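J.: For reference, each letter of the sequence shown is one residue, going 309 to 657 in the numbering used here.
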Amino acid sequence: MSCKAGQRHHPVRVRQPRLSETLPGFGQPPPVFKVSLPPPDLAMWRLPPSGVPGVWIFDSGRSGPEIVITAMVHGNEYAGGWALENFRRRGVSLISGRLTFIVANLEAFDRFDISNPVMARHVDEDLNRLWHSTRLNGRDHSSELERARQLQPYIARADLLLDLHSTLWPSEPLFIASPRQRSAELACALAAGRNLPQTVLTDLGHQGGSRLIEHAHFMSPGGTGRSCLLEAGSHWETGTVTVMESAIERLLAQAEAIHLRGHATQESCEPALAVVTDNIIARHSDFSFVRPWEGGVTIPKAGTPLAHDGHDLIYTPYDECLLIMPNLRPRRGQLAVRLARRTASPFRS
Ligand SMILES: [Zn+2]
309 MSCKAGQRHH PVRVRQPRLS ETLPGFGQPP PVFKVSLPPP DLAMWRLPPS GVPGVWIFDS
369 GRSGPEIVIT AMVHGNEYAG GWALENFRRR GVSLISGRLT FIVANLEAFD RFDISNPVMA
429 RHVDEDLNRL WHSTRLNGRD HSSELERARQ LQPYIARADL LLDLHSTLWP SEPLFIASPR
489 QRSAELACAL AAGRNLPQTV LTDLGHQGGS RLIEHAHFMS PGGTGRSCLL EAGSHWETGT
549 VTVMESAIER LLAQAEAIHL RGHATQESCE PALAVVTDNI IARHSDFSFV RPWEGGVTIP
609 KAGTPLAHDG HDLIYTPYDE CLLIMPNLRP RRGQLAVRLA RRTASPFRS
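See the structure below:
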């Protein structure tokens with residue numbers, strides 16, 4: 309039986325009369341994370357020629373797109389720091405326009421401790437939830453808000469923004485774009501390149517606030533700024549740096565075409581589009597997946613049990629359900645996993 313677009317064959321959450329004995333959760337995995345990649349030396353980024361810590365600008369001297377590439381919005385995701393530092397050291401040959409590299413959260417990075425590597429994600433709050441004007445122009449103060457306000461002029465001038473991230477739990481790399489056609493076009497143009505993740509996911513953001521890729525400059529109807537985010541692999545693995553460098557090379561080579569036409573001049577493969585349908589929030593502290601799912605896995609059948617949450621069982625609601633970045637140890641109230649459906653066109657204007 310074929311599955312029509314939008315059709316669901318099973319409820320996501322079903323309350324059980326009592327805890328299932330046949331589907332035990334796999335329990336809480338031990339919080340031990342392998343750090344194969346050492347932290348980069350970012351000394352040169354402390355006081356760069358731009359005068360703003362973490363901001364390095366390359367100007368071709370010719371008119372062209374404003375390209376902005378951000379890394380380490382989360383301080384412990386330093387694969388992105390490696391990627392930008394490698395380009396800075398090797399030098400960048402820019403065809404046209406201007407390129408701005410931003411190592412975003414140096415203060416959090418400075419707190420990195422290999423014995424507890426998850427702690428350096430932020431200082432006061434998540435820098436990737438602050439990009440709505442109500443926060444940026446509001447009266448609150450935090451280390452991350454001050455930084456967001458300092459970086460905002462560079463973000464607001466970007467024609468093309470690529471925000472580099474990595475994941476704590478194992479997950480297939482993928483691009484994420486907000487539901488704006490111009491940004492989905494950027495993500496698809498990058499995903500069509502060689503040695504890059506093929507999946508382009510569009511979503512409706514997170515409850516906790518606006519991400520960098522959702523700054524008004526990229527979201528406003530009729531605007532021209534395009535943005536996307538790359539989840540390039542695990543935080544502390546060399547392969548993640550390689551994926552990020554491939555994405556940067558692709559963006560620099562295709563920037564003018566993407567900026568002017570919305571697509572690249574060379575495409576090695578067809579991007580695979582997907583749209584988030586469900587954000588599964590852990591309602592109970594005992595939330596546990598029935599197995600340690602990896603992000604990027606597609607579950608063929610609707611009604612496949614995914615997780616326990618208190619007395620509830622969580623199921624796949626439709627066939628060919630794609631799991632997006634499962635958080636294998638969610639706290640109560642945290643996002644545990646997102647479910648996505650493959651689609652032909654996720655675009656909205
Ligand atoms: Zn991140």
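Using N, Cα and C, we set each Cβ at its ideal position, and we do this for glycine too.
Predicted model, so just to flag it, every value in this text is computed and none were measured.
Among the residues of its own chain, which have a CB less than 7 Å from the CB of PRO356, if the five just before and after it don't count?
T.: Same-chain partners within the cutoff: VAL363 and TRP364.
J.: Could you check whether the Cβ of GLU473 sits closer than 6 Å to any heavy atom belonging to ligand 1?
T.: Looking at the sequence itself, residue 473 is His, so the reference to Glu does not match. The answer is yes for HIS473.
J.: Rounded to whole angstroms, what is the Cα-Cα separation between SER441 and PRO529?
T.: In a straight line, the C-alpha of SER441 is about 16 Å away from that of PRO529.
J.: So does HIS514 have its beta carbon nearer than 6 Å to some heavy atom of ligand 1?
T.: HIS514: no, Cβ never under 6 Å from ligand 1.
J.: Three or more C-beta pairs under 8 Å: does that hold for the region 457-475 against the region 619-632?
T.: Touching, no.
J.: Looking at GLU628 and ligand 1, is the gap between the Cβ and the nearest heavy atom below 6 Å?
T.: No; taking the cut-off as 6 Å, the Cβ of GLU628 has no heavy atom of ligand 1 nearer than that.
J.: Under 6 Å: does the beta carbon of GLU480 sit that close to some heavy atom of ligand 1?
T.: No, since every heavy atom of ligand 1 falls outside the 6 Å radius drawn around the Cβ of GLU480.
J.: Ignore the nearest five residues each way along the sequence and tell me which others in THR546's own chain have a CB closer than 6 Å to its CB.
T.: Here the set comprises LEU345.
J.: Does at least one heavy atom of ligand 1 sit under 6 Å from the Cβ of SER452?
T.: In the sequence as displayed, the identity of residue 452 is Glu instead of Ser. Result no, Cβ not under 6 Å from ligand 1.
J.: Could you tell me the alpha carbon to alpha carbon distance between PRO481 and SER535, rounded to whole angstroms?
T.: Approximately 17 Å, taken between the alpha carbons.
J.: Could you check which residue in ASP511, HIS514, PRO579 and LEU392 has the C-alpha nearest to that of GLU557?
T.: Of the candidates ASP511, HIS514, PRO579 and LEU392, the one whose C-alpha sits nearest the C-alpha of GLU557 is LEU392.
J.: Given a cut-off of 7 Å on the beta-carbon distance, is the pair ALA572 and ALA500 in contact?
T.: Taking 7 Å as the Cβ cut-off, ALA572 and ALA500 qualify as a contacting pair.
J.: In whole angstroms, give me the CA-to-CA distance for PRO613 and VAL322.
T.: Their Cα atoms are separated by approximately 10 Å.
J.: State the DSSP-derived secondary structure class of ASN503, mapped to helix, strand or coil.
T.: ASN503: coil per DSSP, three-state reduction.
J.: Kindly indicate which three-state DSSP category GLN642 falls into: helix, strand or coil?
T.: Reduced to three states, the DSSP call for GLN642 is coil.
J.: Tell me which residues share the same chain as GLU493 and place their Cβ nearer than 6 Å to its Cβ, disregarding the 5 neighbours each side in the sequence.
T.: GLY570, listed in sequence order.
J.: Buried or exposed: LEU568, going by 16 or more other Cβ atoms within 10 Å of its Cβ?
T.: It is exposed - the Cβ of LEU568 has fewer than 16 other Cβ atoms within 10 Å.
J.: Can you check whether the CB of PRO425 is closer than 7 Å to the CB of PHE341?
T.: Going by C-beta atoms, PHE341 is nearer than 7 Å to PRO425.
J.: How close, in whole Å, do the beta carbons of SER518 and ARG447 come, if the pair is a contact with beta carbons under 8 Å?
T.: No, SER518 and ARG447 are not in contact; Cβ-Cβ is about 17 Å, not under 8 Å.
J.: Where does ALA379 fall in DSSP's three states?
T.: Of the three classes helix, strand and coil, the one that applies to ALA379 here is strand, per DSSP.
J.: Are ALA610 and ASP627 close, meaning C-beta to C-beta below 7 Å?
T.: Cβ atoms of ALA610 and ASP627: closer than 7 Å.
J.: For GLU545, which of helix, strand or coil comes out of DSSP?
T.: If DSSP states are grouped into helix, strand and coil, GLU545 belongs with coil.
J.: Give me whichever residues DSSP pairs with PHE409 in a beta bridge.
T.: TRP364 and ILE377, per the DSSP bridge assignment.
J.: By how many angstroms is the C-alpha of PRO347 removed from the C-alpha of TRP353?
T.: One C-alpha to the other measures close to 14 Å.
J.: Distance cutoff 7 Å, beta carbons only. Does LEU469 sit that close to anything in chain B?
T.: The structure shown contains no chain B, having only a single protein chain.
J.: Give the list of continuous beta strand (DSSP E) stretches no shorter than 3 residues that lie fully inside the region 603-628.
T.: Listed in chain order, the complete beta strand (DSSP E) runs (minimum 3 residues) inside the region 603-628 are 613-617 and 620-623.
J.: Tell me the DSSP secondary structure of PRO332 in three-state form.
T.: Residue confidence is low: PRO332 scores 47 on pLDDT, short of 50, so the model does not pin down where it sits. Its coordinate-derived value is still stated next. PRO332 falls in the coil class under three-state DSSP.
J.: Does the beta-carbon of GLU385, which I'm using as the reference point, lie nearer than 6 Å to any heavy atom of ligand 3?
T.: Ligands in the displayed structure: ligand 1; ligand 3 is not one of them.
J.: Can you pull the DSSP bridge partners for ASP586?
T.: Answer is LEU647, bridged to ASP586.
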